[in-house]
Structures are given as structure tokens and as C-alpha cells.
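Working notes for the structure below.
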Amino acid sequence: MKDPGLPKNSLKKSKLDDYFKKVERNTEENLQEQSTSADVQKSLRCPKRKVLDDDATDDNIIAKKEKRAVRKRSSGHSMKKLAKSQMVLDCGQSVIGSTKCKDCRMMYSVDSAEDVAEHEKFHNAWRFRFEISRTFVPNFLNFHNRDHGNFKVYYLATFADGPFKKLFNEHMKKINEELGYCDEKNDLWSPEKRIFLVLSVREERMLIGGILVIEKISRAWTNVGKMEVTDNNDINDWIVGVDRIWVDSHCRMKGVANSLLDAATTQDRQMEFRSRRLRIAFCDPTDDGIKLARRFIETRYQKEDQYNGEILIY
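Numbering (full-length UniProt numbering), first residue to last: 1 to 314.
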């Protein structure tokens, strides 16, 4: 039963007011609940940094940093030490450990990168140790020369200028060491000596490919029977004495030595052909020198000048 004293829409109006009031209350309650929940979550949040700071004391931090620093320093030192002392496994390599270069004769360890680098540096310098610079090219234009076999042989006259002789003397000192030759007189450019030379070119650089130093002698002996042979006082039939002969290792077994000996026995000072080949004798030849002499005599001389397979020495 409706109250007659109340307006017609009062019931509906009170309900709307109650709704909005209820909404406001609910909102406030939610805010309070959220605030309370946030505080609880904040208090329960895992303090990662704080725990780490508490666990890691200052002493521990310093110790760890020092340990890392030591590791960094020791790692580099260990690698360098390993590079010097590391052993190479035998996996069928042709060379292990120390070896001797067959060309430059340097001893080095193939297991050491430092040794290998030093050998490469020395070997490259050794390959061009008998280089003749381009400034001396005009000198060779003034020297008599002739082609023998596959090579051009030069006769180095004694009128060569001072700088050229100085360079050549330096090269000859090294060549004498390789030959085991003691040049006490140091008379390379004397009138009694004659020098024949073969040039070689390597990587566009001019080098001594082979050299022959001879002298005029009047008598010699066979190396086994010791039979004496003389020049018979014939001015045009003297004996070529091979004082020194040397061929660069890169030019060996190519006919350089034979070309030099051919020039010395068949050419005069102007590199003109003689009427007959001169006889040849060798001074203190080595075993290899004896083999070279025999092959040369057997292929160049008549039977009467071969002395039954012997060679002439002096």
C-alpha cells in the first residue's frame, strides 16, 4: 500500500541515489583494497639487489675482481708461452723439430713460428747476397762477351773501375768462404788472373750466376800417375789453370760451369776463338771438381788430350 504523502517518483529516485552512493562506496573500498594489496606486494617483493649486496661483502668483491684481472693477464702470457714451447704432433709431416735449410744452411726449428719467420728473413737476404745493382750495368756493356750454350759469358777486364772492383771483391770474399779458398795474395785483378762471369736474373734482379778465375801455367801433372805435362814453350799452347770455379745453387746442373770452362779454353781476351782449344788443369780439386773435370775433358778433347781418364792438376 503506497503512502499517500510521498511524491509519485520518490521511490525510483531514492533507488538511483542509492546506486550512485553504492558505486562511490565500492570505488573507495576498491582503492583501499588496491592500496593495501600494493603495500603487501611491495613488502613481499624480492629485493634482488639488496640480497646480492648483503651476500657479497667488499672483501669478496675485491677478491673476485683481482681474480678476473689475474686470469686476463695470465691468459695472454700462457698463449705466448704455448707458442714458444708447444709441441707439434707427428701426423706424418716430412720435417719435425730442428732442421737445416739445404740452400742457406741455416739451422732452425720448424715447430717455432718465431724461428720460421727468422729463417724466411735470412733466406730471402741469402738468395740475393751476390746481387749486382743496376748502376753497374754500363760496366758490362764494355766487357767482351760471347754466348756459350744457353748463357752469355763475360770476360772481366782489369780496366774495370774502382767501385765495380770493390763490389766484386766483397762478393769474392763470400764466394771464397763457400769454396774454402784462402786468397792470401788478394791478386784477383792482377794481369796473371783472368775472370769469366755468367749473370743470372731472378725476380728482375741481376746476380752472379757463376764465376771462373783462371791463370796461365806452363806445367801440370796427371792426378793419378803424376805424369808431367808442359806447354812445350809454345806461346799459343799454354795450359789453363783453374784457380777457382763457383756456380750459384739456383744455376747448378744447367751447364753454367761448362759454359765458363768453354770460354776459358776456346776464347782469348777479346773473346775471339783460338785456333785450338787450350789444355786445362785444376788446382786442388774437390771430389765434385774431379767429376766435373772428367766430364768436361771427355766431351771436349781428343783422345790424346784425355790422358787415359785422368785429369791435370797443379
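From the three backbone atoms N, C-alpha and C, an ideal C-beta is built for every residue, glycine too.
Treat the numbers as computed from the prediction; the structure is a model and nothing was measured.
**Prompt:** How would you label N236, buried or exposed, when you count the other beta carbons within 10 angstroms and need 16 or more for buried?
**Reply:** As a working note, residue 236 is residue 236 in the sequence shown. Label assigned to N236: exposed.
**Prompt:** Any idea what DSSP makes of I217, helix, strand or coil?
**Reply:** The count along the sequence shown starts at 1 and reaches residue 217 at position 217. I217: strand per DSSP, three-state reduction.
**Message:** Measuring CB atoms only, is the region 220-228 touching the region 203-212, in the sense that at least three cross pairs come out at less than 8 Å?
**Reply:** No, the region 220-228 does not touch the region 203-212.
**Prompt:** So, does the CB of W221 fall closer than 9 Å to a CB anywhere in chain D?
**Reply:** The chain inventory of the structure shown lacks chain D, comprising one protein chain alone.
**Asked** When you compare each of M106, G149, Y155, A125 to Q267 by their alpha carbons, which one comes out closest?
**Response** Taking the sequence shown and counting its residues from 1, the one referred to as residue 267 is at position 267. It is Y155.
**Asked** Where does E128 fall in DSSP's three states?
**Response** As a first step, residue 128 is located in the sequence shown; it is residue number 128 there, counting from the start. According to the sequence shown, residue 128 is Phe rather than Glu. Residue state, collapsed to three classes: coil.
**Request:** Could you name each continuous beta strand (DSSP E) segment of 3 residues or more that falls completely within the region 153-216, going from the start of the chain to the end?
**Result:** Correct list: 193-202.
**Message:** Within 8 Å, do at least three Cβ pairs link the region 188-199 to the region 153-173?
**Reply:** Contact between the region 153-173 and the region 188-199 is present: 3 or more CB-CB pairs across the two stretches fall below 8 Å.
**Message:** What residue range does the beta strand (DSSP E) around N150 cover?
**Reply:** Locating residue 150 in the sequence shown gives position 150, counting from the first residue. Segment: none, N150 is in no beta strand (DSSP E) and carries neither H nor E.
**Prompt:** How long is the line joining the alpha carbons of E118 and W126, rounded to whole angstroms?
**Reply:** If you number the sequence shown from 1, residue 118 lands on position 118. If you number the sequence shown from 1, residue 126 lands on position 126. About 12 Å.
**Item:** Simplified DSSP assignment, three categories, for P265
**Value:** Sequence index remark: in the sequence shown, residue 265 carries index 265 (1-based). Correcting the residue type first, residue 265 is Thr in the shown sequence and not Pro. Taken through DSSP and simplified to helix, strand or coil, T265 comes out as helix.
**Message:** So, under 8 Å CB-CB, T242 and V256 are touching, yes? Tell me the CB distance rounded to an integer number of Å.
**Reply:** The sequence position of residue 242 within the sequence shown is 242, counting from 1. The sequence position of residue 256 within the sequence shown is 256, counting from 1. Just to set this straight, residue 242 is Val in the shown sequence, not Thr. Going by Cβ atoms, the distance from V242 to V256 rounds to 14 Å, so no, they are not a contact pair.
**Asked** Is R295 helix, strand or coil when you go by DSSP?
**Response** Within the sequence shown, numbered from 1, the residue matching residue 295 stands at position 295. In the structure shown, R295 sits in a helix (DSSP, three-state: H, G or I).
**Message:** With three or more C-beta pairs closer than 8 Å as the rule, is the region 292-301 touching the region 172-190?
**Reply:** Counting C-beta pairs with one atom in each stretch, the region 172-190 and the region 292-301 have fewer than three that are closer than 8 Å, which means they do not touch.
**Request:** Verify whether the separation of the beta carbon atoms of Y307 and V229 is less than 9 Å.
**Result:** What you label residue 307 is simply residue 307 of the sequence shown in a count that begins at 1. What you label residue 229 is simply residue 229 of the sequence shown in a count that begins at 1. In this structure, the beta-carbon distance from Y307 to V229 falls below 9 Å.
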